[in-house]
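Protein chains: 4
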Amino acid sequence: MSNKVKLEDARRVIAAAEKKAAEIGQPMNIAVADEGGNLVSHVRMDGAWLGSVDISIKKAYTSRAFDISTKDLAGHSQSGNQFFGIHASNDGKIMIFAGGIPLKSDGKVVGAVGVSGGSGDQDHAVAEAGAAAF
Amino acid sequence: MSNKVKLEDARRVIAAAEKKAAEIGQPMNIAVADEGGNLVSHVRMDGAWLGSVDISIKKAYTSRAFDISTKDLAGHSQSGNQFFGIHASNDGKIMIFAGGIPLKSDGKVVGAVGVSGGSGDQDHAVAEAGAAAF
Amino acid sequence: MSNKVKLEDARRVIAAAEKKAAEIGQPMNIAVADEGGNLVSHVRMDGAWLGSVDISIKKAYTSRAFDISTKDLAGHSQSGNQFFGIHASNDGKIMIFAGGIPLKSDGKVVGAVGVSGGSGDQDHAVAEAGAAAF
Amino acid sequence: MSNKVKLEDARRVIAAAEKKAAEIGQPMNIAVADEGGNLVSHVRMDGAWLGSVDISIKKAYTSRAFDISTKDLAGHSQSGNQFFGIHASNDGKIMIFAGGIPLKSDGKVVGAVGVSGGSGDQDHAVAEAGAAAF
């Protein structure tokens, strides 16, 4: 079977991310995408921002689409830098701020987790906790 | 508390829908929306259609947006009928075929479940199983 | 390696489709998508319709997204049938007329070919020739 | 005949670009547009970024649309400069970072090549190799 991110994998990632979000006291939206960039699962924790539903899903897509964390992509995408303007591509699906992290299997990116609901540092920390559980 | 569809409720609905989908042997995308029509949670079962991610989420939105099952809305939305063309509204978020069912509390619609991945009859049956668990 | 539709596979599919298109004397747009529904390659034969660039790419996406030929999907998607309105989903990426055909490996859909540039029968015949070369 | 970028021309440009990409060891998406800015052909090399499918096609469009390399356009499009905001035009089809280069015939722009999949410098170098083969 080619798909490396099954629903049970996505649930494990989400559970770890939820746990971290609860620890820091910030409800989050958490999404997991597979190798093709397509959504496997999403949860909005009670009280998390409505606008972050879309952002979490798109951060997961973005991290897989470019095999990079959105935190790192952010650096390249500011005015004056090499990828400035990339957020206008892919019909608005590219998020260029922290919270998306690739999921790797045998050193190869096979999916991604996207988190949105707090500060950039919080989103990234929660995504890291999710990715570590993969 | 105004929000009647918490994450734990969405998970209960999804679990019941997954169980039904497994029984009929058809992997599904299942989504739950809250009173505001906003996504609470989504799962894509292993092997379910990629194109149904979007459809399941939008069926849930549609059922809450008009407080009706998308199966019933379908009847009104065929060529020649009173709502024909409604699928062009809401920036493409309206699905007019079976699989979306409102979630009710005290007789009032407080959210919806959307299912996509099989025939119209299958999608509706799985959504009914989910709604019954609410 | 998980991706079952490599660039060389896509080129083989396209070459067979081009040959068929040349035989019937109708220039075509031909696109191949992989397991995730993402574009691997596209060609517009000289003189083929400009509007069919987009259609060929979306037919390939659609056939993979629902694991069905767009010719068969068309039947289900007419007014009065079970999937009427599906063309409004997936942000306008769903094509519900002939020309898209899944690519299978070991009985499993791992991608699709999409063809646009002639009549529905011509598009389907050219897509079949492409799929047969996979 | 008005169209100066035939499919065989696009294939020659793409082949040269692929060769360069292989030399620098970075898989790329490569697209060629004609005088009308419409796509003639696209390839995604094995392992190239998914998110760059869209970007390569739009870099080709952009270079033809303004008869300029996207590297040069980038300079004018940063915050504070004369074209800042141009990426919001043309329904999101404008890319303002390196990788798109016009194709010229008798000193006149008749098409463009767009490359995406690496750093800005890599994308531009691969596009140059493609354009040189035109």
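In order, the protein sequences belong to chains L, H, Z and A. Read in this note's numbering, the first sequence has 63 at position 63, and its numbers run on one by one without any break. Read in this note's numbering, the second sequence has 1121 at position 121, and its numbers run on one by one without any break. Read in this note's numbering, the third sequence has 2028 at position 28, and its numbers run on one by one without any break. Read in this note's numbering, the fourth sequence has 3021 at position 21, and its numbers run on one by one without any break. Virtual Cβ for every residue (Gly too), placed ideally from N, Cα, C. Computed from a predicted structure; not experimentally measured.
(request) Check LYS1006(H) in the structure and name its three-state DSSP category. (result) The three-state reading of DSSP puts LYS1006(H) in coil, since its state is none of H, G, I, E or B.
(message) Taking the straight line between their C-alpha atoms, what separation do you get for VAL18(L) and LEU103(L)?
(response) The sequence as given places Glu at residue 18(L); Val does not occur at that position. Each residue's Cα considered, the two are about 17 Å apart.
(request) Give the residues of chain Z in contact with LYS3006(A), contact being defined as C-beta atoms less than 8 Å apart. (result) Here the neighbours are ASP2046.
(message) What does DSSP give as the partner residue(s) for ASN3029(A) in the beta ladder?
(response) Answer is ARG3044(A), SER3116(A), bridged to ASN3029(A).
(message) Out of VAL2109(Z), VAL2113(Z), GLY2047(Z), which one is the CA nearest neighbour of GLY2100(Z)?
(response) Of the residues VAL2109(Z), VAL2113(Z), GLY2047(Z), the one whose Cα lies closest to the Cα of GLY2100(Z) is VAL2113(Z).
(request) Using the Cα positions of LYS1108(H) and ALA1060(H), report the straight-line distance between them to the nearest angstrom. (result) The straight-line gap from Cα to Cα measures roughly 16 Å.
(request) Identify the contact partners of ASP2091(Z) in chain L, using a Cβ-Cβ distance below 8 Å as the criterion. (result) Within chain L, the residues near ASP2091(Z) are ASP91.
(request) Consult DSSP for MET111(L) and reduce its assignment to one of helix, strand or coil. (result) Rather than Met, the amino acid found at residue 111(L) in this sequence is Gly. In this structure, DSSP gives GLY111(L) an extended state, which the three-state scheme calls strand.
(request) Using the Cα positions of PHE66(L) and SER119(L), report the straight-line distance between them to the nearest angstrom. (result) For PHE66(L) and SER119(L), the distance between alpha carbons rounds to 22 Å.
(request) Flag this pair as yes or no: are the beta carbons of HIS2043(Z) and ILE2014(Z) separated by less than 8 Å? (result) One point to set straight first is that residue 2043(Z) is Val, not His, in the sequence displayed. Yes, Cβ-Cβ distance for VAL2043(Z) and ILE2014(Z) is below 8 Å.
(request) Let me know if ALA2021(Z) comes out buried or exposed under the rule of 16 or more other beta-carbons within 10 Å of its beta-carbon. (result) Sixteen is the threshold: when 16 or more other Cβ atoms of the shown chains lie within 10 Å of the Cβ of ALA2021(Z), as they do, the residue is buried.
(message) Output needed for GLN78(L): all residues of its chain with C-beta closer than 6 Å, excluding positions within five of it in sequence on either side, in chain order.
(response) Here the set comprises nothing.
(request) Determine the extent of the beta strand (DSSP E) in which GLY1092(H) is found, giving its start and end residues. (result) Counting along the chain, GLY1092(H) falls outside any beta strand (DSSP E), and DSSP gives it neither H nor E.
(request) Go to ILE101(L), then tell me how far its beta strand (DSSP E) extends in each direction, as first and last residue. (result) Start and end: 100-105.
(request) Give the single residue among HIS2076(Z), LEU2073(Z), LYS2071(Z), PHE2084(Z) whose Cα lies nearest to the Cα of HIS1076(H). (result) Among HIS2076(Z), LEU2073(Z), LYS2071(Z), PHE2084(Z), the Cα nearest to that of HIS1076(H) belongs to PHE2084(Z).
(request) Reducing DSSP to helix, strand and coil, say where LEU2073(Z) ends up. (result) DSSP places LEU2073(Z) in helix when its eight states are reduced to three.
(message) Going by beta-carbon coordinates alone, are ALA3162(A) and GLY3117(A) separated by less than 8 Å?
(response) No information on residue 3162(A) is available, as it lies outside the stretch 3001 to 3134 that chain A covers here.
(request) Examine chain H for any beta-carbon lying closer than 8 Å to the beta-carbon of HIS76(L), and answer yes or no. (result) The Cβ of HIS76(L) sits no closer than 8 Å to any Cβ of chain H.
(message) Counting only C-beta atoms, is SER2079(Z) closer than 8 Å to chain H at any point?
(response) Taking 8 Å as the threshold, the shortest C-beta distance from SER2079(Z) to chain H falls below it.
(request) Identify each residue in the stretch 3032-3058 of chain A for which the Cβ-Cβ distance to at least one residue of chain Z is less than 8 Å, and report them in chain order. (result) Of all residues in the stretch 3032-3058 of chain A, GLY3036, ASN3038, LEU3039, VAL3040, SER3041, HIS3042, VAL3043, ARG3044, MET3045, ASP3046, LEU3050, VAL3053 have a Cβ within less than 8 Å of some Cβ in chain Z.
(request) State yes or no: is the C-beta of LEU2050(Z) within less than 8 Å of the C-beta of THR2062(Z)? (result) The answer is no: Cβ separation not under 8 Å.
(request) Please confirm whether ASP1054(H) and LEU7(L) have their CB atoms less than 8 Å apart. (result) The beta carbons of ASP1054(H) and LEU7(L) sit no closer together than 8 Å.
(request) Check each candidate in MET3028(A), ILE3096(A), ALA3088(A), ASN3038(A) and name the one with the smallest Cα separation from ASN81(L). (result) Just measuring C-alpha positions, the residue of MET3028(A), ILE3096(A), ALA3088(A), ASN3038(A) sitting nearest ASN81(L) is ILE3096(A).
(message) For chain L, check one thing: does any of its Cβ atoms lie closer than 8 Å to the Cβ of SER3063(A)?
(response) No, because no Cβ of chain L sits closer than 8 Å to the Cβ of SER3063(A).
(request) Report yes if the CB atom of ARG2064(Z) is closer than 8 Å to the CB atom of ALA2033(Z), and no otherwise. (result) Cβ distance < 8 Å, so ARG2064(Z) and ALA2033(Z) count as in contact.
(request) Report the option in GLU3035(A), GLN3122(A), VAL3115(A) whose CA atom is closest to the CA atom of SER3105(A). (result) Comparing Cα-Cα distances from SER3105(A) to each of GLU3035(A), GLN3122(A), VAL3115(A), the minimum goes to GLU3035(A).
(request) Grab the span of the alpha helix (DSSP H) containing ILE2057(Z) for me, first residue to last. (result) Residues 2052-2065.
(request) Could you tell me which chain Z residues have their CB closer than 8 Å to the CB of PHE1097(H), listed as they occur along the chain? (result) The contact set of PHE1097(H) on chain Z, defined by CB atoms closer than 8 Å, consists of GLN2082, PHE2083, PHE2084, GLY2085, ILE2086 in chain order.
(message) Can you look up GLN2122(Z) in the DSSP assignment and give me helix, strand or coil?
(response) Under the three-state reduction of DSSP output, GLN2122(Z) falls in the helix class.
(request) Figure out for me which residue from GLN122(L), ILE57(L), ASN29(L), ASP123(L) has the closest Cα to the Cα of GLY111(L). (result) Closest option to GLY111(L), judged by alpha-carbon separation, among GLN122(L), ILE57(L), ASN29(L), ASP123(L): ILE57(L).
(request) Measure the alpha-carbon distance for ALA3127(A) versus MET3028(A) and round it to whole angstroms. (result) Going from the Cα of ALA3127(A) to the Cα of MET3028(A) covers about 10 Å.
(request) Could you check which residue in GLY37(L), VAL40(L), SER69(L), ILE86(L) has the C-alpha nearest to that of ASP121(L)? (result) The candidate whose alpha carbon is nearest that of ASP121(L) is SER69(L).
(message) Quick check: what's the CA-CA separation for ARG1012(H) versus ALA2132(Z)?
(response) ARG1012(H) and ALA2132(Z): Cα-Cα distance of roughly 45 Å.
(message) Is the separation between the beta-carbon of GLY2092(Z) and that of GLY1092(H) shorter than 8 Å?
(response) For the 8 Å CB-CB criterion, GLY2092(Z) and GLY1092(H) form a contact.
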